[in-house]
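Report on one structure; see the data block that follows.
In this note's numbering, the protein residues as written are 1 to 321.
This is the structure:
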């Protein structure tokens with residue numbers, strides 16, 4: 001593969017094209033990986049689309065909780081579409097080159113949507129906090145205007161930070177190599193290729209990660225501390241079980257996403273290894289979005305009831321004709 005570079009003004013060779021090594025170290029598994037990732041992508045698209053459709057059509061699911069869940073499912077489709085089609089293209093064509101502009105664009109959208117996921121998970125925990133801890137005020141606090149504002153803030157909140165961080169990282173010179181030992185353009189493997197001292201850039205990544213990920217995670221923990229304390233005070237076991245069931249799915253998704261993402265972005269650059277980075281990245285880029293529809297649908301009685309109603313309606317419609 002040709003190493004594409006240009007000569008900059010300060011006489012340093014600067015990479016203008018990258019090579020995404022991805023899973024090239026597994027030459028005998030390329031066909032299997034292509035098939036597996038294709039199936040996973042299809043599962044993610046169908047599963048999350050199902051959540052969007054069912055929460056939109058069923059009147060019983062016209063609640064703030066399911067409004068945010070529909071937003072979350074839309075986000076997951078966008079999130080995986082930033083990385084998975086490129087992975088499939090690279091494996092299918094065995095052409096792993098990507099221009100610097102395309103790489104920066106992928107990184108920017110990936111980071112912005114990742115920030116949206118952090119904020120949206122925090123908003124969903126706030127929704128559960130109000131519903132369980134202040135049920136009488138819930139319709140007033142979580143009114144349609146407030147829900148729309150919270151959703152819009154989640155989608156737009158991380159854009160300035162992540163756009164600025166992307167511009168900062170890709171304005172560096174990349175002279176060590178043009179081979180990214182990853183399956184998409186992520187910050188840790190890209191920083192490894194930069195010339196000179198990248199301490200300021202690493203510090204910037206840590207600070208933005210703390211702001212975008214750690215702060216929402218702490219708000220989620222604070223919300224659930226209050227939620228659990230309130231649930232334990234409920235007089236009946238049935239009431240406690242019902243309250244826990246509305247929160248357990250969200251908590252599972254929170255720990256899957258934040259756990260793997262935090263380990264990736266808050267470790268020092270010297271401790272990063274390609275294998276570990278790929279493993280953790282697979283969790284928060286592909287595995288979590290794949291399991292989210294299953295987690296939310298199979299563990300939610302309202303969604304199951306809505307699905308049964310939808311299937312029953314279709315069955316009756318078929319019998320009529």
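Just so you know, even glycine gets a beta-carbon here, dropped at the ideal spot from N, CA and C.
- Here residue 61 really is in contact with residue 54; their C-beta atoms are around 7 angstroms apart, less than 8 angstroms.
- Of all alpha-carbon atoms in 56, 157, 255, 112, the one lying nearest the alpha-carbon of residue 78 is that of 112.
- DSSP places residue 174 in the strand class (E or B) of the three-state scheme.
- Residue 172 holds the alpha-carbon nearest to the alpha-carbon of residue 200 among 123, 172, 217.
- DSSP places residue 97 in the uninterrupted beta strand (DSSP E) bounded by 97 to 99.
- Judged by their CB atoms, residue 219 and residue 122 are nearer to each other than the 8 angstroms cut-off.
- DSSP places residue 212 in no beta strand (DSSP E); its state is neither H nor E.
- Unbroken alpha helix (DSSP H) runs of no fewer than 4 residues, entirely contained in the region 145 to 204, are found at 159 to 170, 187 to 191, following chain order.
- The residue among 83, 67, 49 with its C-alpha nearest the C-alpha of residue 281 is 83.
- Assigned with DSSP and collapsed to three states, residue 21 falls in coil, not helix or strand.
- Beta-carbon to beta-carbon, residue 182 and residue 274 are separated by about 7 angstroms, close enough to satisfy the 8 angstroms threshold.
- By the Cβ-count criterion, residue 106 is buried, with 16 or more other Cβ atoms from all chains shown falling within 10 Å of its own Cβ.
- When 257, 35, 252, 69 are compared, the shortest CA-CA separation from residue 148 is found for 69.
- Counted as a single uninterrupted DSSP element, the alpha helix (DSSP H) harbouring residue 65 occupies residues 64 to 93.
- For residue 125, the closest of 174, 226, 29, 59 by C-alpha to C-alpha distance is 226.
- A distance below 6 angstroms between beta-carbons, with the five flanking residues on each side excluded, links residue 115 to the following residues of its chain, in chain order: 158, 162, 212.
- Around the beta carbon of residue 22, a 10 Å sphere encloses 16 or more other beta carbons of the protein chains shown; the residue is thus reported as buried.
- Counting the other Cβ atoms within 10 Å of the Cβ of residue 289 gives 16 or more, which makes it buried.
- Remark: C-beta atoms of residue 257 and residue 117 approach each other more closely than 8 angstroms.
- Relative to the Cα of residue 254, the nearest Cα in the group 17, 57, 223 belongs to 223.
- Taking a contact as a CB-CB distance under 8 angstroms, the pair residue 87 and residue 37 counts as one, their CB atoms being some 6 angstroms apart.
- In the three-state reduction of the DSSP assignment, residue 26 falls in the coil class, being assigned neither a helical nor a strand state.
- By the CB criterion at 8 angstroms, residue 80 and residue 286 fall inside the cutoff.
- Cβ neighbours of residue 260 within its own chain (closer than 7 angstroms, five residues either side excluded): 280, 283, 284.
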